[in-house]
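Reading through the structure tokens given below for one structure.
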Amino acid sequence: MGKSDASWAINLKFDEYNWRWMLGLETLPAILYFFGLFAVPKSPRWLIMHGETEEAIKIMSRFSDPSDAQKQILTIKKSLDQEDNKQKSAVKDLFSPSLRLVITIGVVVAILQQITGINSVFFYAPMIFEQSGLGTDASFIQAILVGIVNLVFTILAILFIDKLGRKPLLSLGVAGIAISMFVLSYGFNSATYSFTNESIAGLPETAQQEQLDALVSSSFNSEEEMEVAASAIVGDAVYADHKNDFIKASIHMNTGLILFAILSFVASFAISLGPVMWVLFSELFPNKIRGIAISFVGLINSAVSFIVQWIFPWELDVLGSSTTFLIYGVFAAVGLIFIVRVIPETKGKSLEELEAQLVK
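Per the numbering used here, the very first residue in the sequence shown carries number 1003; after that it's consecutive.
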């Protein structure tokens, strides 16, 4: 659209201010979200803490049977009365033996959400698509498609989280993540590499065209084989400086399979680990330590996100795309086993019921 010849696109200077438009348009959903917050009801627990019990009953009755709402309100009041008689929690309380199970679940899920590579795909999507042989413009279009899929399946998660439950969505989504990453690994592993006169002509001028003509008649079954042959002709330094250019010029693979696998991965994440993790955290931890516990696992989540994004370019460069995505798939498979065997279903249970079940 930035290069469109349409008069309205030219008048809005999409081509000249493409990055400004791309970032500026993000204010629209932010504004909608801000005004949408005014429609969010207050927490019944917060209302009870501030003496507004009648308002709490009204709100609770909107989401459950009136008689059941009354029972839950009484349970919450009793729980709050008990908390008033206890000392405030501290970080050291997170490591008490009685909380070992819930903290373990929280830490594992926080790590799993990021270690499966979601932010690597989000932030490096254009680069991944370019490595699959697509052009730069097509890569950006595919990256936009990734964002749309993420939005649609996040909405589906909101619609189904109370109907299907937290654990089924997590299990289904993480299984989809594992399968998608294995397919993505297979797609890059099955790629072949060969040069044509046209693709060589598009390489940087620092690589002498006469030298590269020797590659036209050659075909390679892996990126490593192509790298050895190209480096022997142009030199290690030149190849290292233009490695991505050589890959894009020579790679031949099933781009449809790659696109499907990435979109499937994003959809699986958006309907499970993305939104469900935070809902699970709000229900999993006991009332006394919930604030500190969510902050603690949130810090771990952010730290793992930083590490995964930091080493992702290095993984692509040293391990290759196939091995990198295979590692993400293995992490997801291990996480799926943990979800099925350890994580409880929190749907339809009060915070007090979950605390009685999980805190020994």
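Glycine is no exception: its CB is placed at the ideal position from the N, C-alpha and C atoms.
Check                                                                                                           : Outcome
Contact belief for Gly1038 with Ala1295 at Cβ below 8 angstroms, rounded distance in angstroms                  : The pair is not a contact, with the Cβ atoms about 27 angstroms apart (cut-off 8 angstroms).
For Thr1325, the first and last residue of its enclosing beta strand (DSSP E)                                   : Counting along the chain, Thr1325 falls outside any beta strand (DSSP E), though it belongs to the alpha helix (DSSP H) covering 1323 to 1343.
Alpha-carbon to alpha-carbon, Ala1041 and Ser1063                                                               : 17 angstroms
Which of helix, strand or coil DSSP assigns to Thr1118                                                          : coil
Same chain only: Cβ atoms within 8 angstroms of Ser1266, ignoring 5 sequence neighbours per side                : Gly1178, Ile1181, Ser1182, Val1185
Under 7 angstroms between C-beta atoms of Val1268 and Val1151                                                   : yes
Whole-angstrom distance between Ala1272 and Ala1032, CA atom to CA atom                                         : 19 angstroms
Neighbourhood of Leu1217 by C-beta, 6 angstroms cutoff - its chain only, sequence neighbours within 5 removed   : Phe1197
Of the residues Arg1292, Ala1305, Leu1101, Leu1321, the one placed nearest Ile1113, counting alpha carbons only : Ala1305
Sequence-distant residues of its chain with Cβ nearer than 8 angstroms to Val1093 (five each side left out)     : Ile1294, Phe1298
Of the listed residues Gly1149, Ser1274, Leu1360, nearest to Phe1162 (C-alpha basis)                            : Ser1274
Met1024 burial status per 10 Å Cβ neighbour count (16 or more: buried)                                          : exposed
Expected contact under 8 angstroms - CB spacing of Lys1079 and Ile1061 to nearest Å                             : Contact flag wrong, Cβ pair sits at about 15 angstroms.
Distance cut-off 6 angstroms: Phe1040 Cβ against heavy atoms of the ligand MG                                   : The ligand MG is not among the ligands present in this structure, which contains no ligands whatsoever.
Boundaries of the beta strand (DSSP E) in which Tyr1195 is found, first to last residue                         : 1194 to 1196
Boundaries of the alpha helix (DSSP H) in which Ala1231 is found, first to last residue                         : 1225 to 1236
DSSP three-state assignment for Ser1219, whether helix, strand or coil                                          : coil
Cα-Cα separation between Lys1245 and Gly1300, rounded to whole angstroms                                        : 37 angstroms
Under 7 angstroms between C-beta atoms of Val1148 and Gly1337                                                   : no
Distance between Gln1115 and Lys1351 (C-alpha atoms, nearest Å)                                                 : 24 angstroms
Beta-carbon separation (whole angstroms), Glu1347 vs Lys1169, contact threshold 8 angstroms                     : 5 angstroms
Extent of the continuous alpha helix (DSSP H) run through Asp1319                                               : 1292 to 1320
Backbone secondary structure at Ile1160 - three-state DSSP                                                      : helix
Beta-bridge pairing of His1254 - partner residues as DSSP gives them                                            : Thr1194
Delimiting residues of the alpha helix (DSSP H) encompassing Thr1055                                            : 1055 to 1063
C-alpha distance - Pro1099 paired with Gly1026, whole-angstrom precision                                        : 49 angstroms
Outcome for Leu1171 when other beta-carbon atoms lying within 10 angstroms are tallied against a minimum of 16  : buried
Best match in Val1278, Val1320, Tyr1035 for proximity to Ala1159 [C-alpha to C-alpha]                           : Val1278
Lys1250 burial status per 10 Å Cβ neighbour count (16 or more: buried)                                          : buried
Within 7 angstroms, strictly: CB atoms of Phe1190 and Ser1324                                                   : yes
Presumed contact (8 angstroms Cβ cut-off) between Glu1226 and Tyr1241, rounded CB distance                      : Their Cβ separation, rounded to whole angstroms, is 12 angstroms, which puts Glu1226 and Tyr1241 out of contact at 8 angstroms.
Min CB distance Gly1149 to chain D below 7 angstroms                                                            : Among the chains of the structure shown, chain D does not appear; only one protein chain is present.
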